[in-house]
Each structure stands twice: as C-alpha cells, then as structure tokens.
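**Q**
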Amino acid sequence: MEKYVKELLSKFEDRLNLHGRKKVFEDGYKLSSDFLEQESDPEAFTKEFLIEPILKKFELEKLPERHFRGIRGELRKVDYILNNKKNISFLGEAKTLNSDLFDKGPNGAVNQIKGLFRLAKVKENYQFGIATDGIKWVFIDKNSKVVYQLDLTKDLSKIQEILVGKEEVSSEKVDEEISKKFYVWYNALLHGGKYKDHENKTKSISTKDCFVENILFVSSLEEKEQIAQTVMDRLIFIKFLQSKNIVSYDVLDYLLKLDENILNEKLKQLFFQVLNTKESKRANIDSKFKEIPYLNGGLFVRTEIESRNPDYKIKAHVLREVIKFLDSFKFVHAEDVPNQQILDPEILGYIFERAMTATDRKGTGAYYTPRTITKHISKNTIHPVVINKVNKLLKEKGYKDSELLKEITQVYKLRESTLEEVHDQVILNFKVCDNACGSGAFLLAAADVLLDIYKRIDEELRLKNSEISMRKLILRNNLYGVDINPNAVEIAKLRLWLWLVTAYEPGDVKPLPNIDYNLRVGNSLIGYAGINKFKDQKLTLADWSGDSKSLNLLLKKRDELVSEYKDATGEKAREMKSEIEHIDKTINEVLDINFYQELSHKVKLEREDFQKLKPFHWGFEFYDVFNGDGKKGFDTIIGNPPYVRHEAISYMKVYLKNEYETFMGTADLYTYFIERAIKILNLGGRFGVIVSSQFIRSKYGTNLRKFLKKKTIEEFIYFGDLPVFSGATTYPCIIIIKNEEPNKKHTIKYLKVDSLKFASLEEYISTSSYQVNQKNLPDSEWRFVKKSALSILEKIENQGIPLQKLPKVDIYRGIVTGLNKAFVIDEEKYTYLMKKDQKNDEIIKPFITGKGILRWSVDESKKMFIILTKTGTNIENYPSIKSHLLNYKNELDNVWEVKHNKHPWYELRGCKYYKKFEEPKIVFRGLSVKGEFPYIEEPLYVNAPASIISGASPYLSCILNSRLIWFYIVNKCPLIRGNFRRLYNHQVERIPIAPADKQMVDEINSLANYEISLNKRLNEIGEKKTDERVRIGEEIEKTDEKIDQLVYELYGLNDDEIKIVEGDLVKS
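Residues are numbered in the numbering used here as their position in the sequence shown, beginning at 1, plus a constant of 41.
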C-alpha cells in the first residue's frame, strides 16, 4: 500500500508545472490552477487524481449523492457518502490540496461535517465523517468531535484501518488521556500529591499546600472537602462559560490579580450576588461583573455547609494556583480545533466521574463506565419503549397489527398530526431513571439519545425549536436519578447543566432549570417503592395546613409546586423551595413512621438502626412518575449498580431479607438494585445495566436468576475478564430486560465479547451475537448455548452415562498443603534431603501443579516433590525434614487448622485419599483452555484446584481429551479469564461417557497408548528443534484426528453436527 501511495503522489506531482511543484510540495501553498500543467478546477483535480484513487484502493463504495435538510430548512450536501466492506457508512468532504480544513467559514471542511452531524437524521445513519485535502485526513465522530488528524505520508496504516472499519472513530480514548492528566493534577491541587505538568515533568503539592487544607474558619475536614469541591466545580463552570463567550470578560484572570484581602470577598460576590442573582436585583457589585448573565439552577446557591460556615476563606495563594491551573487548559465546546490540552464538557464529565474520592469509590462501589456502554444501553432501552408506546397510540387510532412500527426511524415517517401526538403524549412524558446514578454518566447518555429523538421529530414537523429549549425539556421532564452519595448527585447536576450550556450562544443565555427534584440523594433500596400503600391515608397535618387531609392531597400540592419550581428563578424560586422543603419534612416524617411500624412487625429493628438506613420513598419523591393516572413507574431504568460485597452491607441485611425476594446472605449489593429497579418500572418498560456477571453461576445469585427468568431477557452481552472498568476485574455483562413475562418461544440475544478493539459495539453485537431460548436457562446456572449446539449436547447426554456413575471411577480434589513453599520442594532440595537421610523417601512424593499437566502426559520439567507429612506422621523420625520445615514454622503456626488446634504445625491439611494418588489415574487441571486429561500410571500427587480421576483407563483419557468432550465442557463450564474454563469437579462428574463395544474400546486404548508413547518421547527430546520432533508432532496430530473421529462415531454425530462442533471450537 505504501508503494501505491508513493507512486500516486509522484504521478500527482508530475501533473503540476515546475513552479507549482515547488509552491505546493515545498512551500505548502494551496493548489491553484496556475500550478497545473493543464488548466483545471483545483478541487476537482485533487479529487480525481488523489482522493478518489485512494478511496477506490480501499474498496470503498460511493453511494448516491443526497441532500440533507438543515434545522432552518436549508438543503445541505456533502462530497462523498461512502460505505466500506463492513457496511459502515460515513461522510466525506474534499477540499483542494493544502486547504485549511479547519477554516471557520461555512465552507470549511471540518465545519461542514460537524454541521451535518448536528442533524439527527445524519447522526442516525452515518458513523463518522472525514475532511481531507488528499494528504491531510481529519476524522470527526458523530458527536462532532475531531478524533484524529492524520497525514497520508506518515499515518497511512492508521488511515486504512479506520476507512476499512478495523478501528472505530471515537473520541473516548483521546478524551481518556486528556482527562487523566487533568484529573491527576486537579486531585493533587485538592488533596496534595504528584502530577505531571504540560511538559510532562513530575511535580508535587504537599498536603499542607493543598486546597482542602487551606480553607480557613471551617473546623471539619469533611466540610472543608465539600467546600473545596463546590468551589472547584463553580470555577470550572465559569471557565467553560468564558470559553463559550457567555461570560465575555476574563473574570478568572481578574480574580487572579486581586489583593489577598479582597479576593475571597469578590469570589463570593461573583458566586452569590451575580451568577445567582437576576441582573435587576443586583446591588453594589463590582463593575467587572456587570455583564455576566444570571444562571440560576442551584450551582451558585449557598450550600448547606456554606450556610453553616458563612465566613470561610480560601488562602489567596492556593486560589491563585487553582485559577492558573484552569487557565493552563483550553476549555472549549465541540466546534473548536482540538489540541493536547483542550477540555470540553464530555471530558469534564470523565473528570467529574473520577472526582469521586477513594473513600466514595470503596464504600459505594462506583466505577467509571465507558461511553460506548452507556450509549448502547441507553439507546437499546429507550428506543424499544418509545416504539411500544407509539404502537399503543397507533392501536388506539385503529391501526392494524401489520401496520405497527418495528424501528425507531419509522416513527419519524408518521403523518404530521400523529407525529405531533407522539411528541406531546409519548416523548414529553417519557421517564428515564438511574437508581444509582453516581455522577450521571448514564443520564447524560440517555439525554443524548432523547435529544436525537426530539431533533428528528422537530425536523420532520419543521417546528424550528431551538436546541436549548429541547435540552431544557429533557432535563426538566425526562431524566431522574438517585444516589446515596450527595457529592455524586451534585456532580451529576453539574454535568447535566454543562450538557445544556453546550447549546448556549452569547446573547442567548437562559436561566438554568432547577433539577433538584429530578436528582435526589437517598438510599434507593429502602423505602416505599410506589404510593398505593399510603396515598389515601388520612392525616392531621397541623404543621402544614391545620386541616385533616389525605396524604395524597398534600402530595399533589407538592407535585404542583415542584413542577412550577423547575422553571422558577430568583427570590420566587427560593420561596418555593422553602415551601417544598417544609412539605417534604412533614411527608417524610409520616412515611418514615409508617414504614418503621410496618417493618418492626416483621423484624426486630431499633429506631436508631432504622434511621441509619436513610429510607427513600420513590412514590413521594417522584410523585409525577407514580401518581396513579396510568403511571406506575419509569419507562426505562439504566445504570451501573454499585459493586459492594455482602460483608459491607450487614447493617441492611435484616431489612433486605424481609423485603427482597432475591435476598441471599452472601449476595452483592447490585442484586437488590436490580430487583428494586424492575419493581419501579412500568409494565413493558426496559431495564438495562452493566453489572458483574457472577450472579449467573454463583450460589448467591440463585434467587436473582429465578427472579429475572420471570421477565423477558432481551440481551446478554458478556465481557469476561476484559478490562471494561479500568483497574478492576469484575467480569461484567450488559443485561437488558423487558418488564413482562416471557413467552415460551422467546430468545435472548447473546454475545461473548472477545476483544474491546471493535469498531462499533452495535455492529459487533449485530454480526457476532446469537439467539438463546430463555426457557433453556436452568435455575442452577445460566449457560447461553446456541440452539444448534443444544441439540448436540442433548445427543451427547443421551448417548452416555455420567462419568461419576462409571464402575470404580471417582474424582478427588488435589492436595491443599496450607503453605506450598514449606511442603513443595524442587529437585535440588529433594536431592539434598535424600543425601541427608534415605528414609526421607518414605514421605517425599512426586508432585505437580496444574500448569505441568499436558494433554497426554505431564511436563517433566515442571515436576516437583511434596513432603507428605500426613495426619499421624512422627516428625522426629525425619530430622532433616523437620529442620527444613522449622524455617517456615511462624507461617505454619498461622495456618487456620494449626491456630485452631486441628493438627500439629508440621502436618498437611487432612486428606483421606492419599493412596489414590499412588494408583493409576487421570489428572486434570482446574483451569484449562483445552482438553488435558492424561492417564498416569506411576505415583503422582497434584495440587488443587487440579484433580484426579481414580479407576480410570487410557480409553477414558481418550474420550475426555477428544474435541467433542471439550465442546461439551466449553458449553457447561464457566469461562474465567482469558479463554480458561473452570473445571469444577461436580461438572466433570457429569460428563457423559458413551459405552462402547470391545472392538471400539481396544482400538481407542491402542491409540491412547500410542499417544502416551509419542508424548513420552517428545518429553525426552525436550525443546530441541529436530526432524524427529517435527515427525512426532505430525504423528500426534494425525492420531488426535483419528481419536476425534472415533469419538464422533461413538456418540453418533453426523457430518453436519461435526461441522457445528468444529466451527464452535474454532470460535471459542
């Protein structure tokens, strides 16, 4: 390919005159017709002789030209609409060689692509865009962010990988790198620590010089932390407003230059008397602040902690360092040209996500979720529910079943009057929730999905609503979240406000909506889920109205106030919030008393312990979602529930045991978030999360599996041990569920993700997933087996009997020493001990770990020895061994059995079947990537989790080593890390062994013995590359094939079934 490009550029250069070659290729001038040998339009010339030959070489299909209607009704077009062999469609804008692709004018190539991706229809159908002059290639993702700026002469392979679909055009990795640098520095400023500056030099800030430690007149460290975080959030927000020119004056630079004695005073004036006060209400403010717009929204309202510490001050030198730090980064929105130090709202979101302190992360189990995941889950939960709701509306209008919609794009093709009803009845009232929202990553992804729907409908109806108004509607009407961590909730609000402000333009600044009652702090798991239990209760609420009323009336009053408050500003907003808080106090007291009384009838729970639970009553907090007028919950619930082990939630277990049908004493906290989410979901609503997959096979997941099987599981995406979450191996999965009973024929879309290097998760799922019948998921352990494979597994089971039922055959776990380094010795130590005393041979035995077990033998180079001081051994009879073990006595004394006086310090853990290791047996690994069941005649002890099969034969070794039985294992045993399967003994016991006549047994035994002899010779040769080694390798391969064919014949598989087995094994 490089040779082709060199020749192409050479031919292109040859078409320029001598003067043109120098100007274009040496001086960098834009190509003009004066530089060409034959006069031509420079842009058309660049396309014909440079750009299009490259597109053709990459086998890209040029799709027919089309026009796109802009937001204001104008028609737009692009030079190329392209499709690659992976069926990924993208846009291309070509310019004359050496053009400024980032020209800010309307004809700038990058601007043209970004402008098109503002249209929902374009964003929906095309994955990315390119702007190119033939040599410079700029790649823009569908979020209008520049991801790569590449040069054809230097980055050819990268350009090729992107264009042919091998690499995704996504800004996520770039954003990750920038956000990591910002965050480490930011965290060092807040708390002290090391960071790298823009020149990559390592620097550090001491604890005494950090932001938190330099807040004066605040006694509590926790409150200092909160104030530091709040001030930093506000400064970042102001910095972003300056980048958008919404705040046109560099107010942070002004603060930077102020004297120490007035700096804090001016900072508080900016926060509270300017940004939180309407222009008409401001008094005695600094003249530099006069043009700053009023923002509302709560970010610049005094927090409860600030109200408790009104005189707090930040030392000026620290505040200046913070401002200098922010000034060293360029804060922009998506329209600006990126460079290494640029931050936009998306990247700031990553930083806020990371800003959860180590304590928060440890205690609440929060992890940063990649945008690819949040986007996929949001899209695949929101779209289906929108389609269902639209279909319900269409049925009411008399549509036939055959006329109902299947795709979201069909919604936009409805007649105008119907689409208006969809907008008003479905979209405006759509409710999305994250019941463990953290810092809002999923809510932000949902906001983007909803915005695309609003835009598409707006375009079709030609409503010409501003993007600002659509974004405000989404924040106001559609998004809800709860988290137990108040810091996380504040960050979630900030991220959503930033998302809104992205659409602001100078001179068109609207007050931010109040979203305090959309995002709430509370314990999602504990409290009333709906309102049916209490809505009609009669109460005397003297502290509210003095009249005896039903609680429902008070809830309705609150609902009206909250709805009005969301758009209120200034003093009116403050008064309304005060009234709502007063009502909240009353309702919460009543509900808490009722809830405690109900709970105390079921479990013994002290009032003090109850208060620690921090109940959150869903029906009260989000009354508009549960008010009984046809609304009984959310349409979609999405998220990444916290990963907290059961030991850390012991204080909640007495409650969880009585209130959750998924309860198990050892269950992780996410179990209960899943149940609660589904129970506050509308019938037919969708639930989508990324969560640990451990529940599909663990004992603690038994009740959760039963619970989920009652619902329609639409999608299960398994990531295994891939590093989806940085710094944590959680074996995550995506699970999407429809809240209704499954029909008997329902199938689940299943995918095992093998690599995170996919161009598009959507495409990967579409091309690589397969369907699994939900009814075939057993309660014991979920295995997602293809229908074609399922019939083969059934055949295998029908043809054979479980291994454990074979005469004289038993499985025994390998030795657990308690301390391997004391009891397991190498050959050098063995030789030494034998020289000391030949009697030591009585209790020193050959030993191997699982890593030394091969397919037909064991690796002699990995053989070791075990000191077999079994129960009752008199150590005094073996003085040299005692001397060796004494080196480890302190550690051996801490072995559990020794500490609890179960046996002397020098003995191995108890085992009743030592003699089985002395007899002929099959040994096998506990973790394996292929069939490895060698038959071993001589004494050999193995280390757990490896095990042995006693009473075995070479025949049985052949059966177990066959590809057919490995296919069975792959579909029955859990995938752990890499491609390793965990071979639990209880699963190996169930492997069906087909009976065979004497002739078949003799033939297979003969092949087994031949394999054993071949592998023995291979072990003797070692790693030397000899002709004999090659010949033996080829012979082993042929013999393996013979064994596999005999085993296929033994189990009665036909050619088609064998193809399925072989095909699946290649993929696994």
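Backbone N, C-alpha and C fix where the C-beta goes; we use that ideal spot for every residue, glycine too.
1. For G859, count neighbouring C-beta atoms within 10 Å of its own C-beta (all shown protein chains included) and say buried if the count is 16 or more, exposed if not.
2. Which runs of the alpha helix (DSSP H) fall wholly inside the region 1010 to 1064 and span at least 4 residues, in chain order?
3. Between the C-alpha atoms of I789 and N814, what's the straight-line distance to the nearest angstrom?
4. Can you round the beta-carbon distance between Y696 and E716 to whole angstroms, since I take them to be within the 8 Å contact cut?
5. Please identify the residue among Y929, V899, E209 whose C-alpha is closest to the C-alpha of E1061.
6. Is the number of C-beta pairs between the region 133 to 153 and the region 61 to 72 that are closer than 8 Å three or more?
7. Report the rounded CA-to-CA distance for G568 versus P554, giving the unit in angstroms.
8. Excluding sequence positions up to five away, which residues of its chain have a Cβ less than 7 Å from the Cβ of V163?
9. Quickly, what does DSSP pair S991 with across the bridge? List them, please.
10. According to DSSP, is K779 part of a helix, a strand, or is it coil?
11. Would you list, in sequence order, the uninterrupted beta strand (DSSP E) runs of no fewer than 3 residues that lie entirely inside the region 835 to 908?
12. Are A488 and L537 touching if we call contact CB-CB under 8 Å?
13. To which residues does DSSP link W178 through a beta bridge?
14. Just to confirm the assignment: which complete alpha helix (DSSP H) runs, minimum length 4, are found wholly within the region 464 to 526?
15. Smallest Cα separation from R107: which of E115, K97, V119, F99?
16. Near D676, which residues of its chain fall below 7 Å by C-beta distance, leaving aside the five closest residues on each side in sequence?
17. State whether the region 849 to 859 contacts the region 1038 to 1049, with contact taken as three or more CB pairs (one from each stretch) at a distance under 8 Å.
18. Mark P1015 as exposed unless 16 or more other C-beta atoms lie within 10 angstroms of its C-beta, in which case mark it buried.
19. Looking at F297: is its Cβ nearer than 8 Å to the Cβ of V288?
20. Could you give the uninterrupted runs of the beta strand (DSSP E) lying entirely in the region 768 to 832, keeping only those of 3 residues or more?
21. Hey, would you say I154 sits closer than 8 Å to L123, going by beta carbons?
22. Where does the unbroken alpha helix (DSSP H) through Y606 begin, and where does it stop?
23. Taking its Cβ as the centre, do 16 or more other Cβ atoms sit within 10 Å of L104, making it buried, or is it exposed?
24. Short check: CB of F714 to CB of N1012, under 8 Å?
25. Within 10 Å of its beta-carbon, does D934 have 16 or more other beta-carbons around it, so buried, or fewer, so exposed?
26. Roughly how many whole angstroms lie between the Cα atoms of A1037 and T808?
27. Can you give the Cα-Cα distance for L26 and F483, rounded to whole angstroms?
28. Would the beta-carbon of K354 fall within 8 Å of that of N305?
29. In this structure, does DSSP put V359 in helix, strand or coil?
30. Indicate whether K329 and Y295 have their beta-carbon atoms separated by less than 8 Å.
31. Taking the beta carbon of T703 as the centre, do at least 16 other beta carbons fall within 10 Å, making it buried, or is it exposed?
32. According to DSSP, which residues form a beta bridge with C256?
33. Flag this pair as yes or no: are the beta carbons of D665 and V685 separated by less than 8 Å?
34. Can you give me the C-alpha to C-alpha distance between E1103 and S1003, rounded to a whole angstrom?
35. Could you tell me how far apart the beta carbons of K728 and N784 are, in whole angstroms, since I believe they sit closer than 8 Å?
36. Pull up the CB-CB distance for I889 and V983, whole angstroms please, since I reckon it's below 8 Å.
**A** Well, looking at it:
1. buried
2. 1026 to 1029, 1039 to 1062
3. 6 Å
4. About 13 Å separates the two Cβ atoms, so there is no contact after all.
5. V899
6. yes
7. 28 Å
8. F109, L157
9. D851, K962
10. strand
11. 851 to 854, 885 to 889, 905 to 908
12. yes
13. T173, L191
14. 482 to 502, 508 to 514
15. Ranked by Cα distance from R107, the options E115, K97, V119, F99 are led by V119.
16. Closer than 7 Å at the Cβ level, and outside the excluded window around D676, lie V426, F471, K472, V473, N723, G726.
17. no
18. buried
19. According to the sequence shown, residue 297 is Leu rather than Phe. It is not a contact, given that the beta carbons lie outside the stated cut-off.
20. 773 to 779, 788 to 793, 811 to 814
21. no
22. 592 to 606
23. exposed
24. Cβ atoms of F714 and N1012: not closer than 8 Å.
25. exposed
26. Taking the straight line from one Cα to the other gives about 41 Å.
27. The requested residue 26 does not occur in the structure, where the chain is confined to residues 42 to 1109.
28. yes
29. helix
30. yes
31. buried
32. Sequence inspection shows Ile at residue 256; the Cys mentioned does not correspond to that position. Beta-bridge pairing links I256 to I355.
33. Their beta carbons are not under 8 Å apart, which means D665 does not touch V685 by this criterion.
34. 11 Å
35. A quick correction: the sequence has Phe, not Lys, at residue 728. At roughly 18 Å, the Cβ-Cβ gap does not stay under 8 Å, so F728 and N784 are not in contact.
36. Yes, they are in contact, since the Cβ atoms of I889 and V983 sit about 6 Å apart, within 8 Å.
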